Every structure is written in structure tokens, then in C-alpha cells.
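Chemist: Encoded as C-alpha cells, here's the structure I'll be asking about.
In this note's numbering, the protein residues as written are 4 to 210.
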């Protein structure tokens, strides 16, 4: 969906609301509240997708939140100390080494696509702006290490497919649902809270 078409849709949505508000203010306000609730749930699933992917790949995070900050509607903050330690290493290592920085770059890239994948599985589509931000981060990292555009496109498609497949795995999706539910209740979850939620799902103790 291009930007022009998106603006047209937004225009008619706004126009529809104005007409509905003129006809029935109570119904219009209720519909607006329902839309806000649906959007917040989608944000929770998006951030839960990121958080669960980090848990699976054993990438430590500091917190996950659905509280808006700057121009972001939510975030999952990866441990800064971990980034400095892992991505400061020499990247000229074998990709077969599970602890190599190359392997971690692949994991981190897939994680970036898991937000949109989780949101899409939850409501059928994902926020274009949020996805663009995640994709731009991945592309920036890849371009810093590869000058072949065709290879970069191939890697991006692979990461996107891997993220979608991860969300289809029942246990992973159960973790996403549990984390999203907790985010909607608490708005922000610490590293220990996220780990406890995911650990409980893995042990079959989640509600």
C-alpha cells in the first residue's frame, strides 16, 4: 500500500467519523474508543513479537513497553552492554559458530521482522510505519557489511519469511499472546518479568 493510497484511506476514515459524529455523537465516540483499543492491542502484539524473538535467540533485553515515546508507539530495548560486547567483536568469523557476531546479526535481523509478523498474525495486517522503521534498521546494518544490493534483498526476504514461520509455531505464539496480555495490563515489562512469562509458557505453566 503506497503513501498516497494510505492518505486517501485516512481522509475517508476521518470524513466518515465526522459524518457519524454529526448523526450520533455517542456512537462515534464509542467507535473511536474501540479503534484506539484495537490499535493498542496491535502495538502490544508487535512488541511482544520482538520480545519473544529476543527470548528465543537469548538476546538480553532491558524492557518492553507500549507507552509512546518520541515518535515510537512502543519499544523493546536490547541491553546496551550486550550490544557493545557482541557487535564490537571482529565479524570475520565462521557463520557456523553459534556465538559469532555474524550469527547474532542474523538473529537480530529476524527479531526485527518478528514484530510485524506477530501483529499481522494477530489482526491480519501490520502498521506500515512501524514495519518501515524495523526494516530500515535491518537494511542499515546489512549495508554496513555488504555492498551487494541483490544479496541484501535476498537476506531481507529470508529474515521476513523466518519471522513469519516463527510466529506460526504454537509455543512461540503462546508466548507472544502471554507477553502481549501482560503488556496491555502493565504497559511496561522488565527483563525479569518477560523471562518469567516466557519460562512459564515453556514449562506449560501459562494460563
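Positions of the beta carbon are idealized from the N, C-alpha and C atoms, including for glycine. In this text, all values refer to a predicted model and were calculated from it rather than measured experimentally.
At a cut-off of 8 angstroms, would you count residue 161 as near the ligand FAD, judging by its Cβ distance to the nearest heavy atom?
Modeler: In the structure shown, the ligand FAD is absent, as is every other ligand, since no ligand is present at all.
Chemist: Pick from 77, 159, 84, 75: whose alpha carbon is nearest that of residue 109?
Modeler: The count along the chain shown starts at 1 and reaches residue 109 at position 106. Answer by Cα proximity: 159.
Chemist: For residue 79 and residue 201, which I take to be in contact (beta-carbon distance under 8 angstroms), what is that distance rounded to the nearest angstrom?
Modeler: Position 76 of the chain shown, counted from the start, is the residue given in the question as residue 79. Position 198 of the chain shown, counted from the start, is the residue given in the question as residue 201. That pair is no contact at about 13 angstroms.
Chemist: Around the C-beta of residue 192, are 16 or more other C-beta atoms found within 10 angstroms, so that it is buried, or is it exposed?
Modeler: Taking the first residue of the chain shown as 1, we reach residue 192 at position 189. By the 10 Å Cβ count, residue 192 comes out buried.
Chemist: Where does residue 70 fall in DSSP's three states?
Modeler: Locating residue 70 in the chain shown gives position 67, counting from the first residue. Note: residue 70 maps to coil in three-state DSSP.
Chemist: For residue 162, I'd like the list of residues in its chain whose CB is within less than 7 angstroms of its CB, leaving aside the five on either flank, ordered along the chain.
Modeler: As a working mapping, residue 162 is identified with position 159 in the chain shown. So the list reads 112, 113, 116, 141, once near-sequence residues are dropped.
Chemist: What's the gap between the Cα of residue 58 and the Cα of residue 176?
Modeler: The residue you call residue 58 lines up with position 55 of the chain shown. The residue you call residue 176 lines up with position 173 of the chain shown. Distance between the alpha carbons of residue 58 and residue 176: 13 angstroms.
Chemist: In this structure, does DSSP put residue 149 in helix, strand or coil?
Modeler: Reading the chain shown from its first residue, position 146 is the one you call residue 149. It is coil, neither helix nor strand.
Chemist: Please list, in chain order, all residues of the same chain as residue 66 whose beta carbon is under 7 angstroms from its beta carbon, the five residues on each side excluded.
Modeler: In the chain shown, the residue the question calls residue 66 occupies position 63. For residue 66, where only same-chain residues beyond five positions count, the Cβ hits under 7 angstroms are 80, 191, 192, 193, 194.
Chemist: Report the CB separation of residue 48 from residue 122 in whole angstroms; it is logged as a contact under 8 angstroms.
Modeler: Residue mapping note: residue 48 aligns to position 45 of the chain shown, counting from 1. Residue mapping note: residue 122 aligns to position 119 of the chain shown, counting from 1. Going by Cβ atoms, the distance from residue 48 to residue 122 rounds to 5 angstroms, so yes, they are a contact pair.
Chemist: Thinking just about the alpha-carbon of each residue, which of 174, 61, 136 is nearest to the one in residue 207?
Modeler: Residue mapping note: residue 207 aligns to position 204 of the chain shown, counting from 1. Taking only the C-alpha atoms, the option nearest residue 207 is 174.
Chemist: Can residue 77 and residue 179 be called in contact, C-beta distance under 9 angstroms?
Modeler: As a first step, residue 77 must be located in the chain shown, where it is residue number 74. As a first step, residue 179 must be located in the chain shown, where it is residue number 176. It is not a contact, given that the beta carbons lie outside the stated cut-off.
Chemist: To which residues does DSSP link residue 79 through a beta bridge?
Modeler: Locating residue 79 in the chain shown gives position 76, counting from the first residue. Answer by DSSP bridge pairing, in chain order: 67.
Chemist: Grouping DSSP H, G and I as helix and E and B as strand, with all else coil, what is residue 193?
Modeler: Reading the chain shown from its first residue, position 190 is the one you call residue 193. Strand.
Chemist: Less than 6 angstroms between C-beta atoms, sequence neighbours within five positions excluded: which residues of the same chain meet that for residue 60?
Modeler: Counted from its first residue, the chain shown places residue 60 at position 57. 110.
Chemist: Just tell me which of 83, 73, 126, 134 has its CA closest to the CA of residue 45.
Modeler: Taking the chain shown and counting its residues from 1, one reaches residue 45 at position 42. Residue 126 is the option with its Cα nearest to residue 45.
Chemist: By a C-beta neighbour count over all protein chains shown, 10 Å radius and 16 as the cutoff for buried, is residue 70 buried or exposed?
Modeler: Position 67 of the chain shown holds residue 70. With fewer than 16 Cβ atoms within 10 Å of its Cβ, residue 70 is classed as exposed.
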